[in-house]
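Undergrad: My questions will all concern the structure given below.
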Amino acid sequence: MAVREYEYEPINGLPENLPEGESIVWQGAPRWTALANRVFQVRTLALYFAALIGIHVV
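Okay, here's the thing in structure tokens:
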């Protein structure tokens, strides 16, 4: 079985080694909770709907 170019990565996520003198500072993925809070304002929406439910109950 031949190795195709996408089956081997010397550094996870990179197709080849880094040039001399360079280094990886950070490599990872965002937490989905932080992304949801910032992009979709999940906490604000939750507070809004909680207030709507609270007003409806009273």
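For the sequence shown, the positions run 1038 to 1095 when my numbering is used. The beta-carbon is built from N, C-alpha and C at its ideal position, and this holds for glycine as well.
(1) Is the shortest distance between the beta-carbon of Pro1047 and the beta-carbons of chain B less than 8 Å?
(2) Go ahead and pull the three-state DSSP assignment for Ile1092.
(3) In this structure, does DSSP put Leu1051 in helix, strand or coil?
(4) Could you tell me which of Gly1065, His1093 and Ala1083 sits nearest to Gly1100, measuring between CA atoms?
(5) In this structure, does DSSP put Val1076 in helix, strand or coil?
TA: According to the structure data:
(1) Protein chains in the displayed structure number just one, and chain B is not present.
(2) If DSSP states are grouped into helix, strand and coil, Ile1092 belongs with the helices.
(3) The three-state secondary structure of Leu1051, taken from DSSP, is strand.
(4) Absent from the model: residue 1100. The displayed extent of the chain is 1038 to 1095, so no value can be given.
(5) DSSP places Val1076 within a helical segment (H, G or I) once states are collapsed to three.
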